[in-house]
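Heads up, the thing below is written out as structure tokens.
Numbering (the working numbering), first residue to last: 2 to 155.
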């Protein structure tokens with residue numbers, strides 16, 4: 002990610018940061034965040050379980066699952082705090098395997114955001130093969146996603 006961003010000197014090239022995927026791929030997610038933080042415009046919130054880390058970290062994998070945010074290896078308070086210090090104002094997309102995991106993750110991340118006074122209002126939920134289900138607003142009834150997907154706005 003860092004190398005890709007360095008290849009083109011343009012204000013239009015930005016980054017979608019995903020600490021779960023970064024951690025699973027092998028690099029330290031906090032070092033990577035520091036390296037790209039000025040270019041981050043969208044953030045995926047996905048946690049990775051200790052078991053998954055032991056089995057898959059540093060290997061090529063197409064695994065698209067994790068665990069509830071707060072139950073894995075990611076330091077959410079530290080990550081959100083760092084994003085807040087650089088003035089990140091944007092979306093935190095919560096990615097989980099089931100709707101129940103999404104609800105628990107949303108509760109954990111909302112608490113973290115509130116503790117850090119970083120806002121954190123839920124905007125909408127998507128579920129597997131379902132139309133958008135508004136929480137506090139709605140984007141469109143035409144979108145579907147393959148997994149439950151909450152969005153928090155800083």
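Idealized CB from N, CA, C, for every residue including glycine.
What you are looking at is a predicted structure, and each value in this text was computed from that prediction instead of being measured.
Looking only at C-alpha atoms, which of the options sits nearest to residue i?
i: residue 50; options: 31, 75 and 44; result: 75
i: residue 29; options: 2, 15, 39 and 13; result: 2
i: residue 12; options: 42, 101 and 23; result: 42
i: residue 73; options: 105, 93 and 83; result: 105
i: residue 54; options: 25, 102 and 98; result: 25
i: residue 36; options: 118, 113, 83 and 97; result: 83
Taking only three categories from DSSP, how would you classify residue i?
i: residue 146; result: Here residue 146 scores only 36 on pLDDT, less than 50, and its place in the model should not be relied on; the value that follows carries that caveat. Here residue 146 sits in strand by DSSP.
Taking its Cβ as the centre, do 16 or more other Cβ atoms sit within 10 Å of residue i, making it buried, or is it exposed?
i: residue 126; result: Low confidence applies here, because residue 126 scores a pLDDT of 47, under 50, leaving its location unreliable; read the following figure in that light. Buried: at least 16 other Cβ atoms inside 10 Å.
i: residue 90; result: exposed
i: residue 52; result: exposed
i: residue 34; result: buried
i: residue 88; result: exposed
i: residue 23; result: buried
i: residue 48; result: buried
Which runs of the beta strand (DSSP E), 3 residues or longer, sit entirely within the stretch 77-117?
-> 92-96
What are the start and end residues of each continuous alpha helix (DSSP H) run of 4 or more residues lying completely inside the stretch 10-58, in chain order?
-> 20-26, 30-37 and 51-57
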